[in-house]
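Quick notes on the structure that follows.
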């Protein structure tokens, strides 16, 4: 499959500080890539570098087989055939929705401009709003206008900077589905920045987790969730809770919730790297067992689409070094605040750091 975007050993320094270091990344045609990571990790700088707003110190950037960035030469943003949607939409307040959409294609023949306008108004459910100014339409409608404006020049690559952050949760979910469907229909590749793990899991085909200017892991959401390569990846994506462990023998470890058998591969990993001391325990690998002696106390309760969401602390009935203060799990059972409950770890392949 052809790569629409290829980044090779790219580094960026600003005012003597390294912002991006040895970035290497490929995006296949038609794929959507999500850049995620904590504030200050470099994800927005990377997006702006692809757009052409940031100079590089080292490396290459290739868009659709055309080299657009080298340390010696940088192609201007307007020559890259890249569309961009900003966090605040950046609509021109003195232009109508129609005029905003047409802004980047004024050089085209009138017939072609009208055809693209009509197509985008239809695709983005903006019919009847084309003569209104940005302040006369809702936030979700403004976002649709911004999307239409970015798509009007028919870019090979679409860049989105936290595109869903300024709209309410219900509309955000609707827009994510609509925009993903639209990009797939038009066969447009996209890179988007977000700090919201739920957005990246819902919207992206692949995710790149960044930390301190580096990419720690790239993969599909399923791949990254199943086997995070570092504790920073697992911690940022909130894949589970951290449980202290103690090695019992060659085929088992102990936690505050009981013993866990380990595979031959994990045994080798534990033998090779003795510093592994924490288990990543995902909510789906925890179960409530009424028949056992309670080992946790419920400290917090909330409700979401998965059922009741609990945060609990251990009752410290095991080795103090294994006790914990925050363990998260889901259940369809309703427990009370401060209620004592028995939890058990389901058989699974442990992820240990």
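Numbering (UniProt numbering), first residue to last: 1 to 353. Just so you know, even glycine gets a beta-carbon here, dropped at the ideal spot from N, CA and C. Quick caveat, the model's predicted, so the values are computed rather than measured.
Would you list, in sequence order, the uninterrupted alpha helix (DSSP H) runs of no fewer than 4 residues that lie entirely inside the stretch 42-73?
43-51
Where in the stretch 73-104 do unbroken runs of the alpha helix (DSSP H), each at least 4 residues long, occur, reported from the N-terminal end onward?
97-102
I'd like the span of the alpha helix (DSSP H) that includes residue 140, first residue to last.
Taking the first residue of the chain shown as position 1, residue 140 is located at position 140. Counting along the chain, the alpha helix (DSSP H) containing residue 140 begins and ends at 139-151.
Would you check if the stretch 182-190 and the stretch 127-136 touch, i.e. whether three or more CB-CB distances between them fall below 8 Å?
no
Element boundaries [beta strand (DSSP E), containing residue 255]
To locate residue 255, count along the chain shown from 1; it is residue 255. Unbroken beta strand (DSSP E) run through residue 255: 252-255.
Based on DSSP bridge pairs, tell me the residues matched to residue 287.
For this step, residue 287 is matched to residue 287 along the chain shown. Looking at the DSSP assignment, residue 287 forms a beta bridge with 344.
For residue 121 versus residue 137, is the C-beta spacing smaller than 9 Å?
Residue mapping note: residue 121 aligns to position 121 of the chain shown, counting from 1. Residue mapping note: residue 137 aligns to position 137 of the chain shown, counting from 1. Contact: no.
How many angstroms separate the CA atom of residue 229 from the CA atom of residue 34?
As a first step, residue 229 must be located in the chain shown, where it is residue number 229. As a first step, residue 34 must be located in the chain shown, where it is residue number 34. The alpha-carbon atoms of residue 229 and residue 34 are separated by roughly 17 Å.
Which residue from 51, 278 and 216 puts its Cα closest to that of residue 233?
Translated into the one-based positions of the chain shown, residue 233 becomes position 233. Checking every option, the nearest Cα to that of residue 233 belongs to 216.
Just to confirm, are residue 105 and residue 152 a CB contact at a threshold of 9 Å?
Residue numbering aside, residue 105 sits at position 105 when the chain shown is read from its first letter. Residue numbering aside, residue 152 sits at position 152 when the chain shown is read from its first letter. Closer than 9 Å, so yes.
Those residues which DSSP pairs with residue 25 across a bridge:
Numbered from its first residue, the chain shown carries residue 25 at position 25. Per DSSP, 7.
If we count Cβ pairs, one from each stretch, closer than 8 Å, do we get three or more for the stretch 83-90 versus the stretch 163-173?
yes
Going along the chain, which residues of its own chain have a beta-carbon closer than 6 Å to the beta-carbon of residue 286, five neighbours each way excluded?
Within the chain shown, residue 286 is the residue found at index 286, counting from 1. Closer than 6 Å at the Cβ level, and outside the excluded window around residue 286, lie 329 and 343.
Determine, using beta carbons only, whether residue 337 and residue 280 come nearer to each other than 9 Å.
Sequence index remark: in the chain shown, residue 337 carries index 337 (1-based). Sequence index remark: in the chain shown, residue 280 carries index 280 (1-based). No, these two residues do not count as a Cβ contact at 9 Å.
Would you kindly check if the distance between the Cβ of residue 351 and the Cβ of residue 197 is under 9 Å?
Residue mapping note: residue 197 aligns to position 197 of the chain shown, counting from 1. Residue mapping note: residue 351 aligns to position 351 of the chain shown, counting from 1. For residue 197 and residue 351, no; Cβs fall outside 9 Å.
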